[in-house]
Amino acid sequence: MARVLVVDDAAFMRKMLTDALSNGGHEVVGEAGNGVEAIQRFQELRPELITLDITMPEKDGLEALREIMAIDPSAKVVMCSALGQEAKVLESIKLGAKDFVVKPFQAERVLDAVGKALA
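Numbering (the working numbering), first residue to last: 129 to 247.
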């Protein structure tokens, strides 16, 4: 099971992700509400995996992903996106994200994506 950083600007989405991951046996070691915080928390906590929302204030998920991958090219990131963000999801995969989940998501899908990213 992995140490996970959960990043989303919506507190309720962070809670849903944290619950799904914890129930799946993972340890959520930190949370962040925007891309700037995500990069800081990544550097502080060095999680094994990050769930990263695409649309956030201050710095979006794609820009945060770019910076995280520059810091650690082996970082394991699962993107979270709303419907209709296919182009951004494709860009995130090209930038190094391992998988993505579409909101609203099922807990099983989150755990499946995390499992694939960690494999």
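Beta carbons are placed, not taken as given, at the ideal position from N, Cα and C, and that holds for glycine.
Asked, Found
"For V157 versus R194, is the C-beta spacing smaller than 7 Å?", "no"
"Among the candidates I199, Q171 and L239, whose CA atom is the shortest distance from the CA of M207?", "L239"
"Return the residue from the list S150, E214, A138 and D136 that minimises the CA-CA distance to A235.", "S150"
"What residue range is occupied by the uninterrupted beta strand (DSSP E) comprising M207?", "V205 to S209"
"Whole-angstrom Cβ separation of G189 and G163, contact assumed at under 8 Å?", "6 Å"
"Return the chain-ordered list of same chain residues with a C-beta closer than 7 Å to the C-beta of E214, the five sequence neighbours on each side being excluded.", "none"
"Give me the Cα-Cα distance between T183 and K143, rounded to the nearest whole angstrom.", "17 Å"
"Might you give, ordered along the chain, the residues of its own chain that have their beta carbon closer than 6 Å to the beta carbon of A210, omitting 5 neighbours on each side?", "K231"
"Compare the Cα-Cα distances from E219 to each of V242, E191 and D200 and report the closest residue.", "E191"
"Helix, strand or coil: which one does DSSP assign to R131?", "strand"
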